[in-house]
Amino acid sequence: MTEGSGDAELLTSILEHHLAIRRLEDLRLALIAEIDREGVARQAGYPGTVELVMDLLLLDRRQARRVVAEARDRAPLGAEHRGTSGRDP
15 MTEGSGDAEL LTSILEHHLA IRRLEDLRLA LIAEIDREGV ARQAGYPGTV ELVMDLLLLD
75 RRQARRVVAE ARDRAPLGAE HRGTSGRDP
């Protein structure tokens with residue numbers, strides 16, 4: 015293997031890993047959005063989705079608020095009509 019081909023393999027590998035991480039993050043946000051829409055946090059005894067995310071993902075309040083806000087922003091159109099109980103202000 016030449017040095018150039020090794021470099022190309024490294025570049026391909028980092029790109030593949032980056033894309034996999036992005037897909038996983040998109041999935042995480044989609045799941046949080048669904049948890050929020052369905053009111054799962056309240057059903058599980060939490061005051062809201064932020065508190066559930068704090069506890070479940072071991073995040074501080076600031077991080078959990080950011081993640082929940084991003085999940086809500088990415089929620090598919092029409093999602094607001096599915097059940098909004100459990101949404102944090």
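Residue numbers (our numbering): 15 to 103. The beta-carbon is built from N, C-alpha and C at its ideal position, and this holds for glycine as well.
May I have the straight-line CA-CA distance separating residue i from residue j, to the nearest angstrom?
i	j	result
glutamate 39	aspartate 21	27 Å
tyrosine 60	histidine 32	33 Å
glycine 18	leucine 29	17 Å
alanine 47	arginine 80	12 Å
proline 103	glycine 62	Because the pLDDT of proline 103 is 47, which lies under 50, any placement of that residue in the model is unreliable, and the number read from its coordinates should be weighed accordingly. Cα to Cα, proline 103 sits roughly 9 Å from glycine 62.
isoleucine 35	serine 27	12 Å
leucine 73	alanine 58	18 Å
glycine 53	arginine 37	24 Å
Find out if the Cβ-Cβ distance for the pair residue i, residue j is shorter than 8 Å.
i	j	result
alanine 13	arginine 51	Outside the modelled stretch of the chain, which goes from 15 to 103, sits residue 13, for which no answer is possible.
valine 64	arginine 75	yes
leucine 66	isoleucine 49	yes
Problem set entry | Contact between the region 34-49 and the region 71-87 (3+ Cβ pairs under 8 Å) | Because the criterion of three Cβ pairs below 8 Å is met, the region 34-49 and the region 71-87 touch.
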